[in-house]
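Heads up, the thing below is written out as structure tokens.
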Amino acid sequence: MPMSRLLKLVFGWFFLVLGVLGLFLPILQGVLFIAIGLAVLAPEQEWAHQLLMWLRRRFPAFAVVCDHAMAKLNQWRQWRRPAS
């Protein structure tokens, strides 16, 4: 398994667990972390992609949070890329 795929899986699961904890702890933003975790896992895992699409259709407010999380994730990815 390539290292980048392994890192995506680890970070995706980390954010999902953090998001579930955030649903019960007032300090953490649970829904945002779940959206980030699903956004990271969706390209790698079919179940995460299906769940993300279902949540977007079922809860339009979640789609807004998800779009915000994906925009932040894309900003972070571009910031990390070395200049060519």
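Residues 65 to 148 in my numbering are what the sequence shown lists, from first letter to last.
The beta carbon of each residue, even a glycine, is placed where N, CA and C say it ideally should be.
Because the structure is a prediction, the values reported are computed rather than measured.
I need the DSSP call for Glu110, collapsed to helix, strand or coil.
Reduced to three states, the DSSP call for Glu110 is helix.
Would you kindly work out how many angstroms separate the C-alpha atoms of Trp111 and Phe123, rounded to a whole number?
Those two C-alpha atoms are separated by around 18 Å.
Cα-Cα separation, Phe126 to His113
Their Cα atoms are separated by approximately 14 Å.
Euclidean distance between Cα positions of Leu96 and Leu70
When rounded, the distance between both Cα atoms is 22 Å.
Taking Cβ to Cβ, would you say Gly76 is nearer than 9 Å to Gly94?
Against a cut-off of 9 Å, the Cβ pair of Gly94 and Gly76 comes out as no contact.
Contact check, Leu82 vs Leu92, beta carbons under 9 Å:
Result yes, Cβ atoms of Leu82 and Leu92 sit closer than 9 Å.
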